[in-house]
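Student:
2 protein chains.
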Amino acid sequence: LTLDDARNSSGADRPLAIICGGGSLPFTVADSVQRAGGRVVLFPVTGWADPELVERFPHHWFKIGQAGRFYRLARDAGCRDVVLIGSAVRPTISQIRVDWLGMRLLPRIARLFRGGDDHLLGGIGEIFEELGFRLLAPHMVAPEILVREGPVGRSRPSQRDELDIRRGFALIGAIGSFDIGQAVIVAENRVLAVEAAEGTDLMLERVAALRQDGRIGLPKGVGVLVKAPKPSQDRRVDLPSIGPRTVEGAARAGLAGIAVVAGAAVIAEPQRVADAADAAGLFVVGMRDEGTAS
Amino acid sequence: LTLDDARNSSGADRPLAIICGGGSLPFTVADSVQRAGGRVVLFPVTGWADPELVERFPHHWFKIGQAGRFYRLARDAGCRDVVLIGSAVRPTISQIRVDWLGMRLLPRIARLFRGGDDHLLGGIGEIFEELGFRLLAPHMVAPEILVREGPVGRSRPSQRDELDIRRGFALIGAIGSFDIGQAVIVAENRVLAVEAAEGTDLMLERVAALRQDGRIGLPKGVGVLVKAPKPSQDRRVDLPSIGPRTVEGAARAGLAGIAVVAGAAVIAEPQRVADAADAAGLFVVGMRDEGTAS
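Those sequence lines, one after another, are chains V and F. Residues in the first sequence are numbered from -16 upward in steps of one, following the working numbering. Residues in the second sequence are numbered from -16 upward in steps of one, following the working numbering.
#1: For F266 (chain V) versus A153 (chain F), is the C-beta spacing smaller than 9 Å?
#2: Hey, out of V:I92, V:V130, V:A170 and V:E127, whose CA is closest to S141 (chain V)'s CA?
#3: Would you identify the three-state DSSP class for A71 (chain F), choosing helix, strand or coil?
#4: Taking C-beta pairs closer than 9 Å, name the residues in chain F that D184 (chain V) reaches, listed in chain order.
#5: For A248 (chain V) versus G232 (chain V), is the C-beta spacing smaller than 9 Å?
#6: With a cut-off of 9 Å, does the C-beta of I163 (chain V) fall near any C-beta of chain F?
#7: Using 9 Å as the threshold, is the C-beta distance between D64 (chain F) and V12 (chain F) below it?
#8: Check the Cβ-Cβ distances between A176 (chain V) and every residue of chain F, and say whether any is below 9 Å.
#9: On the DSSP bridge assignment, give the partners of S278 (chain V) in chain order.
#10: Apart from the five residues just before and just after K46 (chain V), which ones in its own chain have a Cβ nearer than 6 Å to its Cβ?
#11: A259 (chain V) and A234 (chain V) - do their beta-carbons sit closer together than 9 Å?
#12: Decide yes or no for the touch test of the region 113 to 127 of chain F against the region 116 to 131 of chain V: beta carbon pairs closer than 8 Å, at least 3 of them.
#13: As a quick exercise: from F:H42, F:L201 and F:E188, pick the residue whose alpha carbon is nearest that of P9 (chain F).
#14: When you compare only the Cα positions, how much space is there between V23 (chain V) and A50 (chain V)?
#15: Identify the residues that DSSP records as bridge partners of I2 (chain F): which are they?
#16: So does the region 190 to 201 of chain V actually touch the region 186 to 206 of chain F, counting three or more Cβ pairs closer than 8 Å?
#17: Measure the CB-CB distance between F26 (chain V) and A71 (chain V) and report whether it falls below 9 Å.
#18: Near D272 (chain V), which residues of its chain fall below 7 Å by C-beta distance, leaving aside the five closest residues on each side in sequence?
#19: What's the C-alpha gap between R52 (chain V) and L201 (chain V)?
#20: Quick check on the DSSP output: what are the complete alpha helix (DSSP H) runs of length 4 or more inside the region 190 to 214 of chain V, in order along the chain?
#21: What number of angstroms, rounded off, separates the C-alpha of R255 (chain F) from the C-alpha of R143 (chain F)?
#22: Use the C-beta contact count for W31 (chain V): other C-beta atoms within 10 angstroms, 16 or more gives buried, fewer gives exposed.
#23: Count the other CB atoms, across all protein chains shown, that sit within 10 Å of the CB of K213 (chain V); report buried if there are 16 or more and exposed otherwise.
#24: What whole-angstrom Cβ distance do V207 (chain V) and A242 (chain V) have, given they're in contact under 8 Å?
#25: R235 (chain F) touches chain V at which residues, Cβ-Cβ below 9 Å?
#26: How big is the Cα-Cα spacing for S67 (chain F) and I107 (chain F)?
#27: Starting from A157 (chain V), find everything on chain F with Cβ-Cβ shorter than 9 Å and list it in chain order.
#28: So the candidates are F:G48, F:G21, F:D59 and F:G4; which of them puts its Cα closest to the Cα of D33 (chain F)?
#29: Give me the DSSP bridge partner(s) of H42 (chain V).
#30: Could you check whether the Cβ of A259 (chain V) sits closer than 9 Å to any Cβ belonging to chain F?
#31: Helix, strand or coil: how does DSSP classify L238 (chain F) here?
#32: Starting from the C-beta of S224 (chain F), find all residues in its chain whose C-beta is less than 6 Å away, skip the five residues before and the five after it, and write them out in chain order.
#33: Looking only at C-alpha atoms, which of V:V37, V:R55, V:E109 and V:V16 sits nearest to S7 (chain V)?
#34: Write down every uninterrupted run of the alpha helix (DSSP H) in the region 123 to 188 of chain F whose length is 4 residues or greater and which is fully enclosed by it, in chain order.
#35: Taking DSSP's pairing of strands, which residues face M270 (chain V) in a bridge?
#36: Which one of V:I2, V:A257, V:P(-2) and V:G264 has the shortest CA to CA distance from V130 (chain V)?
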């Protein structure tokens, strides 16, 4: 399946269904599809998606668990292709509203939730296919969200930083089969943090706190946040992402910069990321990684 | 070098130098050596060691950086064998007092601090050897601090817990060459947390907070804290350890229990650990691990 296939089969008459989590990425994707002449219908998830940003597009809110509501509305709108994008937080029980289809899928989704993220997201992809939709990777319909090789903003990693980046890529490769996070922090060859259930933002906060407490014996401006897809990852639903908030978190953690695998990470609001990086004196860079690049 | 060698060469006339970090383990070791007929001189590190517990033994306080002070006092006391034990926090600059020998060693120690923990501790062992001391593993002079195979306390892991424990041991093995932490938290096959610079207690706090926020979709009483030595680890200075505080942290994190590699982890105050585990309904278990047991 190529990008052209995806665009053609989606066609002018079949709008793309975009299931929206948090952050600005869903709207970047929607804008991109519209600019290319396509139509979109947004399905923002209550509690995750930004209500203000949603207003610019045709949309139907739904709650986690309302699989039937999504199914009915997406079929009525003539959607066949579906993109799932934006940040997600594991929902609390009180946020879940199960309808008829949600109820039918519940035992299966509950089992999915017991595994790691790959397991969960891969399983959700399967469910979409069974319902007659086709799950597409966001970067297939909006390729500009992918990070390119080279710096975003003015700064570049030093040679020392590049060694830390290589070590980070290697570590993410080594833990890939364990379906953990997609991010680590490496500083002068020392691994300061490994992301698991807490997510990138909380991991950055932790390193900021350790640094403040004097528990990391390294000067400020040393260390890199490294993000890379896990080898096992379903890239249709879960490429690592960065945005302005990631840059702010990395700055508070006293890091030198952020590195992702070029072509295998998505960036929300590249201009704001570049501005934030330049303001903080951090580098943000897309790099080739032979181990993880597809 | 066997335990008997270590005891004989230490001899009745040569007291064992015990460099004491935080917690109760240093005193468990000191008591054990005295019970076996040996003599000890404690070298508590200012800011780490417990001043009250130190009082029961001959001791000389010293500060991080005062290598010369330690060298002079330990030689004057006739010590040749040295044990390094107890929890350590990376010191802040203001806690460091560098004397003549500390000054000479400073560039080397600064370099050591830039690597991971293994690197640091291995390097410190080398320095002791060069100064004419012999660095011994705490469990060589006090074997009862090692966790045995089987449960500590009344509870035992379920079959489900045992699968999580195996996964945890495998993960620690996979990241071993990266010189990261010795601990992970696995719950129903999902890796919730990986320890790096933050240490076990903060990792447990993090999982407690994630659980409270509803970000871990698993009931209470599911998940295991797994600790194992890294393959690369210098076991003379850095076996993973557990104590009553670890049990309290695991209980707050809603875990089912704690698993360590039998014979390759040390336990502070086993009776208090067993009591705390029984009170919280947690298991604490030493298990064989073919991958890491020596």
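C-beta: ideal position from N, C-alpha, C; glycine also. All figures in this text were calculated on a predicted structure; none of them were measured in a lab.
Tutor: On the basis of the supplied data:
#1: no
#2: V:A170
#3: coil
#4: Neighbours of D184 (chain V) on chain F: none; closest Cβ ~12 Å, over 9 Å.
#5: no
#6: yes
#7: no
#8: yes
#9: This structure leaves residue 278 (chain V) out entirely; chain V is present only between -16 and 277.
#10: T29 and R80
#11: yes
#12: no
#13: F:H42
#14: 19 Å
#15: F:F26 and F:L67
#16: no
#17: no
#18: F152, A211 and V244
#19: 52 Å
#20: none
#21: 26 Å
#22: buried
#23: buried
#24: 6 Å
#25: Result: empty, since nearest Cβ-Cβ is about 16 Å, beyond 9 Å.
#26: For clarity, residue 67 (chain F) is Leu in the given sequence; the question names Ser instead. The straight-line gap from Cα to Cα measures roughly 10 Å.
#27: A157, I158, S160 and F161
#28: F:G4
#29: V:L25
#30: no
#31: coil
#32: V249
#33: V:V37
#34: 142 to 157
#35: V:V244
#36: V:A257
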